[in-house]
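Enquirer:
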Amino acid sequence: RGGVRAHTGSNMASTAAGKQRIPKVAKVKNKAPAEVQITAEQLLREAKERELELLPPPPQQKITDVEELNDYKLRKRKTFEDNIRKNRTVISNWIKYAQWEESLKEIQRARSIYERALDVDYRNVTLWLKYAEMEMKNRQVNHARNIWDRAITTLPRVNQFWYKYTYMEEMLGNIAGSRQVFERWMEWQPEEQAWHSYINFELRYKEVDRARSIYERYILFRALTVLVLVHPDVKNWIKYARFEEKHSYFAHARKVYERAVEFFGEEHMDEHLYVAFAKFEENQKEFERVRVIYKYALDRIPKQDAQNLFKNYTIFEKKFGDRRGIEDIIVSKRRFQYEEEVKANPHNYDAWFDYLRLVESDTDTETVREVYERAIANVPPIQEKRHWKRYIYLWINYALYEELEAKASKRTRQVYQACLELLPHKKFTFAKMWLLYAQFEIRQKNLPLARRALGTSIGKCPKNKLFKGYIELELQLREFDRCRKLYEKFLEFAPENCTSWIKFAELETILGDIDRARAIYELAISQPRLDMPEVLWKSYIDFEIEQEEYEKTRSLYRRLLQRTQHVKVWISLAQFELSVGQEERLLRCRQVYEEANKAMRSCEEKEERVMLLESWRTFEDEFGTNATKERIDKLMPEKIKKRRKLQAEDGSDAGWEEYYDYIFPEDTANQPNLKLLAMAKLWKKQQQESEAATVDPDKDIDESQT
-19 RGGVRAHTGS NMASTAAGKQ RIPKVAKVKN KAPAEVQITA EQLLREAKER
31 ELELLPPPPQ QKITDVEELN DYKLRKRKTF EDNIRKNRTV ISNWIKYAQW
81 EESLKEIQRA RSIYERALDV DYRNVTLWLK YAEMEMKNRQ VNHARNIWDR
131 AITTLPRVNQ FWYKYTYMEE MLGNIAGSRQ VFERWMEWQP EEQAWHSYIN
181 FELRYKEVDR ARSIYERYIL FRALTVLVLV HPDVKNWIKY ARFEEKHSYF
231 AHARKVYERA VEFFGEEHMD EHLYVAFAKF EENQKEFERV RVIYKYALDR
281 IPKQDAQNLF KNYTIFEKKF GDRRGIEDII VSKRRFQYEE EVKANPHNYD
331 AWFDYLRLVE SDTDTETVRE VYERAIANVP PIQEKRHWKR YIYLWINYAL
381 YEELEAKASK RTRQVYQACL ELLPHKKFTF AKMWLLYAQF EIRQKNLPLA
431 RRALGTSIGK CPKNKLFKGY IELELQLREF DRCRKLYEKF LEFAPENCTS
481 WIKFAELETI LGDIDRARAI YELAISQPRL DMPEVLWKSY IDFEIEQEEY
531 EKTRSLYRRL LQRTQHVKVW ISLAQFELSV GQEERLLRCR QVYEEANKAM
581 RSCEEKEERV MLLESWRTFE DEFGTNATKE RIDKLMPEKI KKRRKLQAED
631 GSDAGWEEYY DYIFPEDTAN QPNLKLLAMA KLWKKQQQES EAATVDPDKD
681 IDESQT
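Be aware that the sequence shown starts at -19, since it is given in our numbering, and climbs by one per residue.
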């Protein structure tokens, strides 16, 4: 009755509440933002701070009898079931539920929970692992086997299941069962570590033959994978060979290495395989086999991929090789460096020179020729002589190698001809190349070809060096008529070349044709433009002196003085007059000095006049009298120090400079009023400065006072 009353009362209360009015929402009139704004960040921070507040721990509940325990179990199970019902996909709830049941030794209930969870998500690895660990922890071996078997059947690509399954069987001592699991695993062709785990398992029980068979199966499997993926991998072969070596099956290990070399061939060669093979043979004291392996690999592997191979080969030769072997490996390494340099920049001719020098020192002729051909194929891209100056020496060295080292005169001639055909003679040429070719033909006793080559060079691209070389050749052959013709061609090509005129005249002098030599000198000095006229005149004068034609020599000096009044010409004429004749030589010499002194008075270069007077005084000191000595002393100038104002390029003052000037007594005597005029000029300047100072008293007149 009380329950009915309570129920009735509650219904009446709900009806009364239903009749009550719901209060209306207040309308906000001021919708402007508040002055103090609260951000979402502040709200989150406050919420976090409140979470961190220490809450008092819940009171401990002590269970005293079975009824309380059952009640506790019921409430916990209801909580777990509610959590699972809310979200079945959260596996952690299932695992917590099962572990709680396991803690109560309710294995059947825990097993049921795990099975229900697997129905929800059978791909969850953690769920299988926890399930199996529970069975193993509780010594339910057959149940654990059943779970592992189901796991590897359902998820065969999860390696963790296989590892734990095999480990469990091995710990239980079921070696055959563990091997059976490994075999089932290998059927799925797992990754590399799985195969090595199987091999290590067999080795732990001294089953070497079984381990070898596993290696064979694995190598074949990897070989098929390599063929499909085209991705060579040698480390497995090396591990197999080291396995055989470790167990002292050296013949088997060598066979594995040989099979690996044959399998990878020359397309996928790897330096690590050959290094391992060589070290194996080195351990077996097979040094010749080691050397063959290294050389075979170095000849076929690209140089940039063989750094480790080079290093190990060098160490091997230093340990067991002779001096020749060490030099060979060093040469190979340097050759690789040069190959990289010329590959990076084919027009680096210095690198080619170093490479060729290395190749010539220790290589066969065909290899040297091949390198030379590669080098000369890199023709400079620009037809400017400065770009060809280093390149042309490749051809020269090539020709010299063929002639001196290879003793192949025919190939040498072909090299010279190919080079001369390559040169753009219309723009520039190299005289040394023509001359070297001509000298080569002369050494081969083929004079017509040498003359033809030099004649062609003069016709195509005449140069002073070519003419000189050709003339020198004909002089050595004593073909003087040819020399005359060549000199004529040379002087037609370069009439301003004084050296050629002098050499031509000297040739005629040697041949005894004095008139022809004199005519050549006359033609030379009559040229409108000469590069070294003073040398030509000196040579002509020396020629006449040698012929003792003193009148003609004097005539030459006078003709030269008509062109130039240089002090050295006067001094040379005076010395000439002093050197010829006996009686009148001093008089003639003194007359020359007198004439020169008069001529030099109008010369602006006072140093030249001083030089002449010094030479004259030297002459008088040696041959003159006291009167002449006093006279020349009176003519000597006075050396004084002066100052002059300097100006910079922009016209501003750059300071003062001191210099030495010469005052000749003859000039002062000819101008007696010179000092008076200078003083008058100075007085006038001072008057002008004083007037300017009166107008502008602040003007600085320190300069005028100075």
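No residue lacks a Cβ here, since even glycine has one placed at the ideal position from N, Cα and C.
These numbers were taken from a predicted model, which means no experiment stands behind them.
1) Compute the Euclidean distance between the alpha carbons of Arg103 and Phe230, then round it to the nearest angstrom.
2) Can you tell me the Cα-Cα spacing of Asn139 and Asp129, whole angstroms?
3) Going by C-alpha to C-alpha distance, which of Glu163, Trp142, Trp108, Gly439 sits closest to Ile127?
4) Within 10 Å of its beta-carbon, does Lys483 have 16 or more other beta-carbons around it, so buried, or fewer, so exposed?
5) Skipping 5 residues on each side, what residues in its chain have a beta carbon closer than 7 Å to that of Glu115?
6) Identify every residue that forms a DSSP beta bridge with Ile194.
7) Within this structure, are the beta carbons of Ala256 and Tyr274 separated by less than 9 Å?
8) Is Arg57 helix, strand or coil when you go by DSSP?
9) For my contact list, Glu247 and Ala277 are in at a C-beta cut-off of 8 Å; report their separation, rounded to the angstrom.
10) Based on Cα-Cα distance, which residue from Arg565, Gln507, Lys578, Asn154 lies nearest to Phe603?
11) Check for me: the alpha helix (DSSP H) holding Ala156 runs from which residue to which?
12) On the premise that Ile356 lies in contact with Trp375, defined as a C-beta separation below 8 Å, what is that separation, rounded to the nearest angstrom?
13) With distance defined between alpha-carbon atoms, name the residue in Leu540, Pro404, Glu594 nearest to Leu615.
14) Tell me, please, which residues DSSP counts as bridged to Gln627.
15) When the Cα atoms are used, what is the spatial distance from Thr146 to Tyr185?
16) Can you list, in chain order, the residues of its chain with a C-beta nearer than 7 Å to that of Leu336? Leave out the 5 residues immediately preceding and following it.
17) With a Cβ-Cβ cutoff of 9 Å, do Asn216 and Ile194 count as a contact?
18) Measuring CB to CB, does Val549 end up less than 9 Å from Leu558?
19) Does the segment 458 to 474 come into contact with the segment 404 to 419, if we say contact requires no fewer than three beta-carbon pairs (one atom in each stretch) closer than 8 Å?
20) Report buried or exposed for Glu110, applying the criterion of at least 16 other Cβ atoms within 10 angstroms of its Cβ.
21) Nearest-angstrom Cα distance between Phe410 and Asp330?
22) Using 10 angstroms around the beta-carbon of Met151, count the other beta-carbons present and answer buried if the total reaches 16, otherwise exposed.
23) Is the beta carbon of Lys53 less than 9 Å from the beta carbon of Leu84?
24) For Glu225 versus Lys283, is the C-beta spacing smaller than 9 Å?
25) So, with DSSP's three-state summary, where would you put Lys621?
26) Less than 8 Å between C-beta atoms, sequence neighbours within five positions excluded: which residues of the same chain meet that for Ile500?
27) Determine the direct distance from the alpha carbon of Asn154 to that of Arg119, and round the result to whole angstroms.
28) Pick from Gln424, Ile451, Lys406, Leu471: whose alpha carbon is nearest that of Lys440?
29) Taking Leu446 as the reference, which of Asn426, Leu471, Lys425 has the closest Cα?
30) Give me the Cα-Cα distance between Ile707 and Ala398, rounded to the nearest whole angstrom.
31) Within this structure, are the beta carbons of Ile87 and Trp74 separated by less than 9 Å?
32) Quick check: the Cα distance between His232 and Ala221, rounded to an integer number of angstroms?
33) Just the Cα atoms here: how many angstroms apart are Ser228 and Val214?
34) What number of angstroms, rounded off, separates the C-alpha of Glu167 from the C-alpha of Lys56?
Expert: This is what the structure holds:
1) Roughly 47 Å separates the two Cα atoms.
2) Their Cα atoms are separated by approximately 13 Å.
3) Answer by Cα proximity: Trp108.
4) By the neighbour-count rule (16 or more Cβ atoms within 10 Å), Lys483 is buried.
5) Once the five neighbours on either side are set aside, the close Cβ partners of Glu115 are His123, Ala124, Ile127.
6) Its beta-bridge partners do not exist; DSSP assigns none.
7) It is not a contact, given that the beta carbons lie outside the stated cut-off.
8) It is helical.
9) At roughly 14 Å, the Cβ-Cβ gap does not stay under 8 Å, so Glu247 and Ala277 are not in contact.
10) Cα-wise, what sits closest to Phe603 is Arg565.
11) Here the alpha helix (DSSP H) through Ala156 covers 155 to 167.
12) Between Ile356 and Trp375 the Cβ distance is about 6 Å, and since that is below 8 Å, they are a contact.
13) The closest CA to that of Leu615, considering only Leu540, Pro404, Glu594, is found on Glu594.
14) Asp633.
15) Taking the straight line joining both Cα atoms gives about 14 Å.
16) Answer for Leu336: Val351, Tyr352, Ala355, Asn377, listed in chain order.
17) Contact: no.
18) Against a cut-off of 9 Å, the Cβ pair of Leu558 and Val549 comes out as no contact.
19) Cβ pair count under 8 Å is below three, so no.
20) Per the sequence presented here, residue 110 reads as Lys, with Glu not at that position. With 16 or more Cβ atoms within 10 Å of its Cβ, Lys110 is classed as buried.
21) Going from the Cα of Phe410 to the Cα of Asp330 covers about 19 Å.
22) Exposed, by the Cβ-count rule.
23) Against a cut-off of 9 Å, the Cβ pair of Leu84 and Lys53 comes out as a contact.
24) No, Cβ-Cβ distance for Glu225 and Lys283 is not below 9 Å.
25) Correct three-state label for Lys621: strand.
26) Answer for Ile500: Trp481, Phe484, Ala485, Glu488, listed in chain order.
27) Approximately 15 Å, taken between the alpha carbons.
28) Out of Gln424, Ile451, Lys406, Leu471, Lys406 has the C-alpha closest to the C-alpha of Lys440.
29) Ranking Asn426, Leu471, Lys425 by Cα distance to Leu446 puts Leu471 first.
30) Only positions -19 to 686 of the chain appear in the structure, and residue 707 is not among them; the question remains open.
31) For Ile87 and Trp74, no; Cβs fall outside 9 Å.
32) Answer to the nearest angstrom: the Cα atoms are 8 Å apart.
33) Going from the Cα of Ser228 to the Cα of Val214 covers about 21 Å.
34) Going from the Cα of Glu167 to the Cα of Lys56 covers about 46 Å.
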